[in-house]
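Trainee: Below you will find the structure I want to go over with you.
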Amino acid sequence: MASLPEQLEDELHALITAVAHPQEAAIDVMYALQQHYGYLCDEAIQYAATLLAMTPLELESLATFYDYLYRRPVGRYVIHVCDSVICWMFHQDSIFDYLCRTLGVPPGGTTEDGLFTVLPAACIGNCHNAPTMLINGRFYDRLTPDRIDAVLAELRTATEEPARCK
Amino acid sequence: MQVNCPQVLLKNRPLGHPASFDEYRAGGGYEALLATVGKRTPQEVLDIVVASDLRGRGGAGFPAGRKWQGIPADYVGPRYVVVNTDEMEPGTYKDRILVNADPHLVIEGIILCAYAISATEGICFIRPSYESDAQLLERETQVAREHGFLGQNILGSNFSFDIHIHRSAGRYICGEASAQIKAISGVRPNPRKGGPRTSVKGLWDCPTIVNNLETLANLPGIVRNGPEWFKSLARSANGSGTKLYSVSGRISRPDCFELPIGTPLREILFEHAGGMPPGRKFKAVLPGGASTFYMPDALLDTEMDFDTMHKAGQRLGTASIMVFDEATCLVGATLNLIEFFARESCGWCTPCREGLPYVRELLRRIEAGEGKEEYIGMIQAMTRVMEQAYCAFAPGAAAPIESLFTHFADEVHAHISQKKCPFGNPPPTLRGKACGTRPISFGPTPCPEDQCPI
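Just so you know, the protein sequences line up as chains A and B, in that order. Per the numbering used here, the first sequence runs over residues 17 to 182. Per the numbering used here, the second sequence runs over residues 4 to 457.
Take a look at the structure:
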């Protein structure tokens, strides 16, 4: 196992010591490792298991359960498109089609340049601005094809490091 | 409109940014806490909350005070407060609005609850799409800590309590109290059936109070102004307090409104939310998220409170009102809800794991114009099985289906007899194909060339 940057090791250590029971930090530790590796690779799961004194299987049962932990490689920007009822009412499915078509990827697929992954998401709690999507913790409201084009163009040229989740 | 109603929870929303510690203090913030810590006994605070008849705002409406009384009086050891900010019910966004308007109101509420039940630790459980709220609460709890409202020996008393943020990785079922406790403990969050209440045996097997964030935000007002004041805020006879109503869907002004609890639905929709958009005609609402019954026009004068809704055969739920207009297919909408529930089911117990995909398949066929009359009976039989599930998830999912058949049976029959969706919706298929030559038309019309197998 390749060693991790010292800063990350410190961060992980801080996450675990901040809580009375190390298991409580399981999600936070996996988020931090996901941020480092780009997704939750096998190595990350192994590493987290050692840190948390849990089995890789226990962590696997969490990682496969949750929507925002990615066990497969994802793009730099993961686009969570809300597909619940309010967004559906505003033709979210057309938005989803448009995104996939524009990027040339099926749901769950990643663009060849490694920038974008498109995923359907359960209601993201932004219904008054439907249809809506969430990219790296940011809501994009009242989507239209033009708005999507603008968002994608903006993200393509963005240089700041995406803050996926802490 | 909005200005005529007393704003208790959203008082600081007009600021346009999360109220700072000083702004909150200037409006009388933390006065309730200052008048409580070291001056009232925890029992006195509990009595005030019981007398106020504050009911849980997360959906079930269980009286908060009675939940707190469930903690065994003789218990020695740690007690926890878990603040439920999972808020994944479709249509619900009130807690996000509330935290972003007044984070310290929420923090003071959590501390008051902790004081009443002698808790030592509070955990805010926050969903991943609310990451900015998690950061906001982390920042503002640090401010409260620096002012001595959190941490060891709060305000010089022997009461010590602190709050930390637990980030979820996102699943609907985490909103269920016992599942949320498992999620915090780092195990797969399947709800537990039976056994002691979480107030007896919860997080790390210690007494744990899981309350919705909005419920706790009511506490500073109650403790400061008394239970009678809180009850006087309500419009309904037996109600208490104000309520955050989040309105979305086909409506002129979708937004979150703080109104007296018991405000009739018609008034919320047509006075506060601006009524239907031009050219749209009202058909139905889901009054409290995806797990509630459709309400047709005839029921719109019902007061939006727990008891009054219950009497009308409805559920208040989270009071997130989703508005459907005449042009929206309710079979399609119900199918969308069931797609959501089938995907979000934790899969632990059979009625939910197997029942939902079964119902989904039949609804897909009806929506695609391949339905038969006998499917209706089959779906209804399965919803009765779904009532047998471990937790309230599957019975909640059954609510929109049952009410679809009660109030909008004509629409279902029209799908079956016309062998197509009368609203022109395409048959439900997998969306998001990566290829295709024709431009995507926006609206409910499919592109026939797009039937490629990706």
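From the three backbone atoms N, C-alpha and C, an ideal C-beta is built for every residue, glycine too. Note that the coordinates shown come from a computational prediction; the quantities given were computed from them, not determined experimentally.
Any C-beta of chain A sitting closer than 8 Å to the C-beta of Glu134/B?
Mentor: Yes, its Cβ sits closer than 8 Å to a Cβ of chain A.
Trainee: Do Leu206/B and Ile176/B come within 8 Å of each other at the CB atom, strictly closer than that value?
Mentor: Against a cut-off of 8 Å, the Cβ pair of Leu206/B and Ile176/B comes out as no contact.
Trainee: For Asn215/B, which residues does DSSP report across the bridge?
Mentor: Asn215/B pairs with Asn87/B.
Trainee: Report yes or no: is there a C-beta of chain B within less than 8 Å of the C-beta of Cys139/A?
Mentor: Taking Cβ atoms only, chain B reaches closer than 8 Å to Cys139/A, which makes this a yes.
Trainee: Thr331/B CB to nearest chain A CB: under 8 Å?
Mentor: So yes, Thr331/B belongs to the interface.
Trainee: Report the partner residues of Asp165/B according to the DSSP bridge assignment.
Mentor: Bridge partners of Asp165/B: Glu124/B.
Trainee: Report the residue from Val250/B, Thr266/B and Asp304/B whose alpha carbon sits nearest the alpha carbon of Met279/B.
Mentor: Of the listed residues, the one whose Cα sits closest to Met279/B is Val250/B.
Trainee: Quick one: using the 10 Å Cβ neighbour count with 16 as the cut-off for buried, is Val79/B buried or exposed?
Mentor: Exposed, since its Cβ has fewer than 16 Cβ neighbours within 10 Å.
Trainee: Leu168/A to Lys14/B, Cα distance in whole Å?
Mentor: Going from the Cα of Leu168/A to the Cα of Lys14/B covers about 37 Å.
Trainee: Let's test the definition: count the other Cβ atoms within 10 Å of the Cβ of Gln317/B and tell me whether it reaches 16, buried, or not, exposed.
Mentor: Looking at its Cβ environment, which holds 16 or more other Cβ atoms inside 10 Å, Gln317/B is buried.
Trainee: With C-beta atoms as the reference, is Gly358/B less than 8 Å away from Val334/B?
Mentor: It is not a contact, given that the beta carbons lie outside the stated cut-off.
Trainee: Thr245/B and Pro9/B look like a contact to me (Cβ under 8 Å); what is the Cβ gap, rounded to whole Å?
Mentor: Indeed they touch by this definition, with Cβ atoms about 7 Å apart.
Trainee: Using a C-beta cutoff of 8 Å, does Tyr96/B count as contacting chain A?
Mentor: Closer than 8 Å to some Cβ of chain A, the Cβ of Tyr96/B qualifies, so yes.
Trainee: If you compare alpha carbons, which of Val53/B, Arg363/B and His107/B is closest to Gly30/B?
Mentor: Ranking Val53/B, Arg363/B and His107/B by Cα distance to Gly30/B puts His107/B first.
Trainee: Checking contacts by CB at 8 Å: is Met4/B closer than that to chain A?
Mentor: For Met4/B, the predicted model reports a pLDDT of 45, less than 50, meaning its position is unreliable; a value from the coordinates is still stated below. No, no contact with chain A.
Trainee: For Tyr84/A, go through chain B and note every residue whose CB falls closer than 7 Å to its CB, in chain order.
Mentor: The answer, in chain order, is Pro131, Ala172 and Gly173.
Trainee: Hey, would you say Phe128/B sits closer than 8 Å to Val86/B, going by beta carbons?
Mentor: It is a contact, given that the beta carbons lie within the stated cut-off.
Trainee: Which residues mark the beginning and the end of the alpha helix (DSSP H) in which Ile225/B is found?
Mentor: Per DSSP, Ile225/B belongs to the alpha helix (DSSP H) from Leu222 to Asn228.
Trainee: Glu207/B CB to nearest chain A CB: under 8 Å?
Mentor: What sits at residue 207/B in the sequence shown is Trp, not Glu. Interface residue, yes.
Trainee: Counting only the same chain and skipping the five closest in sequence on each side, list residues whose C-beta sits under 7 Å from that of Met4/B.
Mentor: Confidence at Met4/B is low in this model, with a pLDDT of 45, below 50, so its placement is unreliable and the value that follows should be read with caution. Same-chain partners within the cutoff: Glu274 and His275.
Trainee: Pick helix, strand or coil for Phe408/B, following the three-state DSSP scheme.
Mentor: It is helical.
Trainee: Beta carbon of Gly151/B, beta carbon of Leu158/B: below 8 Å?
Mentor: Against a cut-off of 8 Å, the Cβ pair of Leu158/B and Gly151/B comes out as a contact.
Trainee: Which chain B residues sit within Cβ distance under 7 Å of Asp44/A?
Mentor: What Asp44/A touches in chain B: Arg170.
Trainee: When the Cα atoms are used, what is the spatial distance from Leu338/B to Ile164/A?
Mentor: Approximately 26 Å, taken between the alpha carbons.
Trainee: Ends of the alpha helix (DSSP H) at Arg154/A?
Mentor: Note, Arg154/A: premise wrong, no alpha helix (DSSP H); beta strand (DSSP E) at Arg154 to Tyr156.
Trainee: Is Glu40/A buried or exposed, if buried means 16 or more other CB atoms sit within 10 Å of its CB?
Mentor: Under this definition Glu40/A is a buried residue.
Trainee: Report yes or no: is there a C-beta of chain B within less than 8 Å of the C-beta of Met149/A?
Mentor: Taking Cβ atoms only, chain B never reaches closer than 8 Å to Met149/A, which makes this a no.
Trainee: Applying the 10 Å Cβ sphere with the 16-neighbour rule, what's the burial state of His107/A?
Mentor: His107/A is buried by the Cβ-count criterion.
Trainee: According to DSSP, is Asp113/A part of a helix, a strand, or is it coil?
Mentor: Residue state, collapsed to three classes: helix.
Trainee: Pick out whichever of Glu92/B, Arg368/B and Gly229/B has its Cα sitting closest to the Cα of Pro430/B.
Mentor: For Pro430/B, the nearest C-alpha among the options comes from Arg368/B.
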